[in-house]
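Following: one structure in structure tokens, then a few remarks.
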Amino acid sequence: MRKIVRDLGYSLAVLGVVIAAVWVYSYVDTERQYNKVYTFAVSPQLVPHDSESIARGQHFYNVYSCRQCHGADLGGTMLIDNALLGTIGTRNLTNGKGGLQEYSGQDWIRALKHGVNVTGKPLIAMPAHETALIPNQDLLDILAFCRHQKPVDRLLPLTPGPLFRILMAFGQIGPLPVAIIDHHRKPIKRVKEAASADFGANLAITCFGCHKSDFKGGASQIPTLRSAPDISPTGRVGHWTAGEFSRTLRTGVTPEGRRLNNKYMPWKRFKDFKEIEIQALRAYLLSLPGRADRNVKILDQTRHE
Ligand code: HEC
Ligand code: HEC
Numbered sequence: 002m003r004k005i006v007r008d009l010g011y012s013l014a015v016l017g018v019v020i021a022a023v024w025v026y027s028y029v030d031t032e033r034q035y036n037k038v039y040t041f042a043v044s045p046q047l048v049p050h051d052s053e054s055i056a057r058g059q060h061f062y063n064v065y066s067c068r069q070c071h072g073a074d075l076g077g078t079m080l081i082d083n084a085l086l087g088t089i090g091t092r093n094l095t096n097g098k099g100g101l102q103e104y105s106g107q108d109w110i111r112a113l114k115h116g117v118n119v120t121g122k123p124l125i126a127m128p129a130h131e132t133a134l135i136p137n138q139d140l141l142d143i144l145a146f147c148r149h150q151k152p153v154d155r156l157l158p159l160t161p162g163p164l165f166r167i168l169m170a171f172g173q174i175g176p177l178p179v180a181i182i183d184h185h186r187k188p189i190k191r192v193k194e195a196a197s198a199d200f201g202a203n204l205a206i207t208c209f210g211c212h213k214s215d216f217k218g219g220a221s222q223i224p225t226l227r228s229a230p231d232i233s234p235t236g237r238v239g240h241w242t243a244g245e246f247s248r249t250l251r252t253g254v255t256p257e258g259r260r261l262n263n264k265y266m267p268w269k270r271f272k273d274f275k276e277i278e279i280q281a282l283r284a285y286l287l288s289l290p291g292r293a294d295r296n297v298k299i300l301d302q303t304r305h306e
């Protein structure tokens with residue numbers, strides 16, 4: 002009996018040491034990542050303030066999913082709030098207290114294109130590797146919109162918890178956007194609004210976080226979320242007509258009659274897409290590799306709305 006108790010004691014002590022070592026390693030590693038200072042040269046930016054740009058900025062704020070995280074009032078929302086993962090709030094994008102009062106167009110572009118804040122330190126939970134692919138002009142329109150909204154006084158905490166740090170140190174969350182952005186990429190030009198693959202490519206930035214950069218789908222980084230299906234031509238989407246694709250995004254019901262759960266596939270978030278934008282998305286998805294594999298072309302030609 003005594004031996005069992007002693008062995009158990011040893012095991013617990015070893016376990017304690019292992020946990021402590023993992024924690025110390027993760028803390029030190031993530032502190033190093035969070036506090037590294039980067040310098041990126043960004044040229045002065047002209048921030049528009051005409052009503053047309055502001056209206057466009059509002060539309061982009063919605064369709065590029067900023068609202069999803071920064072809130073309908075732009076004051077920021079809590080993304081995560083628990084003891085293990087920590088308290089992760091988004092930034093207040095208004096001119097109120099805790100917001101972006103002193104923020105220039107350059108600061109804005111540096112954050113959204115390079116993933117660092119005004120002190121040069123990395124953004125942690127802001128998907129800057131995705132916003133880095135949005136045309137600069139679209140981003141500046143969004144800033145114009147933010148500057149013209151009612152100021153909100155709010156400053157939310159951003160404190161990664163122990164599990165968040167461990168997962169990040171061991172590569173299960175992340176890497177930080179700043180580490181995966183191509184910082185030498187040429188500025189992305191705004192494309193004329195049309196039901197074209199080029200225009201759709203810009204909008205599809207909001208899909209690849211879940212459907213992956215090749216749009217072939219895959220498991221979510223967040224274990225409680227469902228994996229996303231293939232929405233390239235090799236998936237079911239390759240067989241849908243323009244109308245069917247649009248109805249799926251608008252109603253959350255696929256042509257096969259499956260209901261998409263908004264919790265996993267946030268189709269309600271896409272209600273702000275104009276029809277032309279939905280068709281641009283489809284044109285882009287259908288332009289991806291894999292179409293020939295399934296002879297969907299032939300299928301498409303024989304199907305009419
Ligand atoms: C998945 C959630 C999410 C989405 C989508 C998102 N953000 Fe953020 N954003 C955050 C979080 C979290 C922060 C807090 C900073 C951090 O992560 O370190 C942040 C911070 C920011 C900041 C402040 C950066 C700084 O210098 O401190 C700006 C500006 C910003 N976001 C703009 C945008 C815009 C514009 C969009 C849409 C194009 C957008 N965000 C989409 C989560 C998000
Ligand atoms: C937050 C993650 C997430 C984002 C962002 C997202 N999707 Fe999805 N999507 C999913 C998941 C998960 C499913 C499967 C849902 C289910 O089966 O209930 C899905 C399903 C779909 C389907 C149905 C596919 C099929 O074969 O039945 C289509 C179409 C689709 N998504 C298109 C898009 C488009 C277009 C975008 C961007 C505008 C997008 N999704 C953004 C997670 C996401």
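Going by the numbering used here, the letters in the sequence shown line up with residues 2 to 306, in that order. Using N, Cα and C, we set each Cβ at its ideal position, and we do this for glycine too. Quick caveat: nothing in here was measured; it's all calculated off a predicted structure.
{"query": "Could you give the residue range of the beta strand (DSSP E) that holds Ile81?", "result": "79 to 83"}
{"query": "If Glu278 and Val64 are in contact, beta carbons under 8 Å, what's the gap, nearest whole angstrom?", "result": "7 Å"}
{"query": "For ligand 2, any of its heavy atoms closer than 7 Å to the Cβ of Cys211?", "result": "yes"}
{"query": "I need the straight-line Cα distance from Lys190 to Pro230, nearest angstrom please.", "result": "30 Å"}
{"query": "Can you tell me where the beta strand (DSSP E) holding Pro161 begins and where it ends?", "result": "159 to 161"}
{"query": "For Glu276 and chain D, any beta-carbon pair shorter than 8 Å?", "result": "In the displayed structure, chain D is absent; only one protein chain is listed."}
{"query": "Do Leu177 and Gly90 have their beta-carbon atoms positioned less than 8 Å apart in this structure?", "result": "no"}
{"query": "Let me check you understand the geometry: is the CB of Ala229 closer than 7 Å to at least one non-hydrogen atom of ligand 4?", "result": "In the structure on display, ligand 4 does not appear, and the ligands it does have are ligand 1 and ligand 2."}
{"query": "Considering only DSSP beta bridges, list what Arg260 is partnered with.", "result": "Val254"}
{"query": "Who pairs with Val117 in a beta bridge, going by DSSP?", "result": "Pro123"}
{"query": "Closest to Ile81 by CA distance: which of Gly162, Asp139, Ile110 is it?", "result": "Gly162"}
{"query": "Using CA coordinates, which residue listed in Arg68, Asp30, Leu164 is at the minimum distance from Arg270?", "result": "Arg68"}
{"query": "According to the neighbour-count rule (16 or more other Cβ atoms, all chains shown, within 10 Å of its Cβ), is Glu306 buried or exposed?", "result": "A caution first: Glu306 carries a pLDDT of 30, below 50, which makes its placement in the model unreliable, though a value can still be read off. Exposed is the call here."}
{"query": "Within the same chain, show all residues whose beta-carbon is closer than 7 Å to that of Tyr26, passing over the 5 residues directly before and after it, in chain order.", "result": "Ala170"}
{"query": "Relative to ligand 2, is the shortest distance from any of its heavy atoms to the C-beta of Tyr39 smaller than 7 Å?", "result": "no"}
{"query": "Assuming Phe234 and Gly291 form a contact by the criterion Cβ under 8 Å, report the distance between their Cβ atoms to the nearest whole angstrom.", "result": "The residue you asked about is not Phe; residue 234 is Pro in the sequence shown. Contact holds; Cβ gap of about 5 Å."}
{"query": "Can you tell me where the beta strand (DSSP E) with Gly90 in it begins and where it stops?", "result": "87 to 90"}
{"query": "Pick helix, strand or coil for Ala145, following the three-state DSSP scheme.", "result": "helix"}
{"query": "Under a three-way DSSP split, which group does Gly218 fall into?", "result": "coil"}
{"query": "What do you reckon, is the C-beta of Tyr265 under 7 Å from a heavy atom of ligand 1?", "result": "no"}
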